[in-house]
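The sequence shown: position 15 = 160 (my numbering), numbered continuously. All C-beta atoms, glycine included, are put in the ideal place defined by N, C-alpha and C.
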Amino acid sequence: MPPRTVKSRAAAVAAVLALGAALLAASPQAGATEPGPVTDYCQGQCDDILPPGENGNATLVEILGNKAFGTHPSHSDDQLDRYNGLVAGHSGLTDQKLTDFFNDASFGVPKNRVESVISPRVDVTITRDKASGVPHIKGTTRYGTEFGAGFAAGQDRLWLMDLFRHIGRGELTSFAGGALANQGLEQQFWPQAPYTEKDLEAQVEQIRTREGARGEQAMADAQAYVDGINAYREKSKKGRYFPGEYVLTGKIDAITNAGEIQPFKLTDLISIASVVGGQFGGGGGGEVQAALSLLAAQQKYGVAEGTEVWESFRQREDPEAVLTIHDGTSFPYAGKPDKARGTALPDAGSVTAEPLIYDRTGSAGTGRKAPVKAPGALKKAQGIYDDGVIPEGSLPGSGSGAQKRGMSNALLVSGKHTASGNPVAVFGPQTGYFAPQLMMLQELQGPGISARGVSFAGVGMYIQMGRGQDYAWSATSAGQDITDTYAVELCEPDGTEPTKDSTHYLHRGSCTAMETLERTNSWKPTVADSTAKGSYRMQVRRTDYGIVTHRATVGGKPVAYTSLRTTYRHEADSIVGFQMLNDPSYVKDAATFQQAASNIDYAFNWFYADSRTAAYYNSGMNPVRAPGVDPALPVRAERAYEWQGYEPAANTAAYTPFAEHPHSSGQDYYISWNNRQAKGYAAAGFGLGAVHRGDLLDDRVAKLVEEGGVTRASLTRAMAEAAVTDLRGEQLLPELLKVIRSRPVTDPELNGAVQQLESWRASGSERRESGPGSHTYTHADAVRLMDAWWPKLVEAEFAPGLGDGLYGALTDSLATDESPAASHGPSGAHGGSAFQYGWWGFVDKDLRQVLGQPVKGPPARTYCGGGDPDGCRDALLSSLKRAVAEPATEVYPGDDNCKAGEQWCSDSIVHRPLGGIGQKAIHWQNRPTYQQVVEFPAHR
């Protein structure tokens, strides 16, 4: 077994062996007795929601109807209004009213609520309910259950799954068209997980042969799932009810039905997993940019003071940061070494990005259009993908200047502080807003499987977040450091002097050739995408230390910087952990849940609630680094600085054991909004400081716990209130106003602006409509002032002291703002999620130093006004004056969805169409896309 199995899974071996015979008995041909009735221990107290609706497929006729008349296929939008309604409805929320805004997430479907029942095989039924059309899949065999899951996925997400397998394979433009956004998307995703088909097959085989009985069963389940997808693919093609996007993109002829939907295979699931896991479960990286900002600080202040200044912005372990485990327990990981070894900072001015695109032809890089002559019946749908199948920036980690963003939130309160004495949880993933969603709701009941919840389309063999018979679980992106940057020394095989362009590198003393991976894509205009004919070749270089991202010199010697993450070549290994979470014979309490979660390799925070315990576990393949290596900066690619036990062929190493991952059971409450996990667990990047959006949850939940008697409704209200609150207004405006009000504001116009901000802060700093449907915020002028002021005040506060060079380098590492209207936010414009990363913590500490207040982990310098209170006040007022003068049309410049100056619309959530069906905009909420509200009154 590879080291990863020995290290991270030894605790599960005995249980796996014991279960192996029973699990493997369920083959495609094997029969099985009807599963006994499943007891639902939630007793009507489990709810969930996933807008806009379950149905994500639309025929050509339905797409044309949507474009011409605004009609929607059944169950494609019936959860949208309930989700949106919580903005206005949360203040009067009671437990009895929860189902006004959520689905009843009980197991099964009462007879009077059944909409349809089908049996794609004799050993499985798919029952859909009238309320939401969610598939409830019940199998008498293991194969049948998983086949049913695949068939239902085909019914609800066939086009979406096809898109994502092509994104993962770096073939989106060849499949869906050459729109600039499509070019950009595959250019950002494929280099993060470039594989050959042989690589993908090896990952399938590795799970099947090296993960014991559960691994073998997982691949059998995955094959059954793929078989189900393909069965629906064939039926829908023959029956002509396949998704209409296949016609609009030229894959199938609408008249003759000629053409094909390519069969799905197991390796497609690996490709999809690489997109999903890499974007939501990654962590670390970015060390080259970190090195550049460190060099800029050292250039300005000298090495010693510059390093101190940089560290105060890096905030690896800010003592004032909000924590998920707040009882003081420490879990040391990825901290700053006392004396760093092997750090490889580039020579000033030597860093260049590795080229990706070669051999452009036609519209490549230009987006030039050449519309085809569409048949009259299709004209309404012409150009639906001219801006890409997924608009630029819509997916976390995509778009111009994007950084990886972890999302999602969780609020849990232990039974000691609830009205019932049972834990209460409100939690779910924030994964952006799409039509259809990236995830789909389903219930799975079969041998060894009993759960309801969501799965990412295309990898839905198991429920990934949801509920079991007497427990529920969810996750937030953790983002701890599982990705490192190595500086590989370049060489020439003939012994001549290497250059930055050399394609060989030193690996353990040998001059080794880099492996070249390529994708050549071409496209031509279709009805859906008018982009003119074009093509290009993507090329990356792979080494034993990861993928080449940059070239530079270090001490005058040419190097290539590479990115190596622990989950590379292990994109789907986490399937074993998800299998355990769905298995009622495995998860019986908080401890077994934590063991199951520890088998998930991606960086996630996992939360659990049953009738007795609320619990938490942080998963991820955390490498054991060599002593003295600084994980925040590039390191020399030498054996002394490699991960301990590192074997490059399979990308395995030694990993930190279960006990060293942050975990807890029975704490008074837990919150997570992608904040730091625990004391000692160092932040993998910038932005986890004294002010974080997690404070919006922590302050509210702590108050509820202090008062006692927490209910599902009161915890949901706390979440919903935080979801419409401006972090800057709640956490930072009091300090800003205190500096400004230190003397009277004599300018009448400025004084009026300050009064507006004060009134907004006094009323809760919310971005909320004056009434349902008004599309106007109650404090619209104050919100506009804050949106205009914030970037100006940050620059006025810090740029003079830091200087343009260092200020620019630091803003490259961490953007100053992520307001709902900011198009550079974690999911792009209209993406909902906001206030995750920004300069709020820097502003907070700096202003408190100006005010003479105590600061733990203070900045190395005071920047606002050079530390002078009057100078700081002048800088703030000057920037505010410029904000007052900025018209709404400049603050909110408009886009394809909104006219310039439309504030509410600029903030609004737009479900980005991944297919031909559009949805209406809804009120901004900083809230999970899929969300559960659960309280189990009983246990097995």
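Runs of the alpha helix (DSSP H) lying entirely within the segment 452-537, each at least 4 residues long, are absent. The beta carbon of residue 200 is closer than 7 Å to those of 218, 219, 220, 221, 278, 301 in its chain, skipping five residues each way along the sequence. The distance from the Cβ of residue 352 to that of residue 717 is about 6 Å, consistent with a contact at the 8 Å cut-off.
Using a Cβ distance threshold of 8 Å, residue 564 and residue 855 count as a contacting pair. Three or more beta-carbon pairs separated by less than 8 Å are not found between the segment 687-694 and the segment 505-520, which leaves the two stretches without contact.
Residue 214 sits exposed, since fewer than 16 C-beta atoms from the chains shown fall within 10 Å of its C-beta. A distance below 7 Å between beta-carbons, with the five flanking residues on each side excluded, links residue 346 to the following residues of its chain, in chain order: 412.
By the Cβ-count criterion, residue 522 is exposed, with fewer than 16 other Cβ atoms from all chains shown falling within 10 Å of its own Cβ. Under DSSP, residue 667 shares a beta bridge with 680.
Boundaries of the alpha helix (DSSP H) harbouring residue 1027: 1014-1030, taken from the DSSP string. One Cα belongs to residue 673, the other to residue 741, and the distance between them is close to 44 Å. In the structure shown, residue 1076 adopts extended strand secondary structure according to DSSP, grouped into three states.
Under DSSP, the beta-bridge partners assigned to residue 569 are 558.
Here residue 816 is buried, its C-beta having at least 16 other C-beta atoms within 10 Å.
Judged by their CB atoms, residue 870 and residue 909 are nearer to each other than the 8 Å cut-off. For residue 958, the enclosing alpha helix (DSSP H) has its first and last residue at 925-958. The DSSP-derived three-state label of residue 347 is helix.
Closest in alpha carbon position to residue 1004, among 744, 204, 994, is 994. In this chain, the alpha helix (DSSP H) harbouring residue 903 covers 893-907. According to DSSP, residue pairing for residue 699 in a beta bridge involves 702.
Taking each of 678, 1035, 440 in turn and checking the Cα distance to residue 496, the smallest one comes out for 440. Only residues of its own chain outside the window of five on either side were considered, and among them 849 have a CB closer than 7 Å to the CB of residue 859, listed in chain order. Contact check between the segment 700-709 and the segment 752-763: fewer than three CB pairs, one atom from each, fall below 8 Å, which does not count as touching. Across the structure, residue 671 and residue 395 are spaced so that their CA atoms are roughly 6 Å apart.
With a threshold of 16 other beta carbon atoms within 10 Å, residue 261 falls short and is exposed. Residue 588 is bridged by DSSP to 281, 597. Under the three-state reduction of DSSP, residue 352 is assigned to helix. The closest CA to that of residue 640, considering only 204, 654, 469, 408, is found on 654. Within the model, the alpha-carbon separation for residue 485 versus residue 270 is close to 60 Å.
For residue 1042, the three-state secondary structure derived from DSSP is coil. Under the DSSP definition of a beta bridge, residue 814 partners with 558. Beta-bridge partners assigned by DSSP to residue 764: 749.
The beta carbons of residue 661 and residue 555 sit no closer together than 8 Å. In the displayed model, residue 409 falls within coil according to three-state DSSP, outside both helix and strand.
The residue from 845, 761, 713, 809 with its alpha-carbon nearest to that of residue 793 is 713.
When the alpha-carbon of residue 1084 is set against those of 1056, 834, 1027, 733, the nearest one is in 733.
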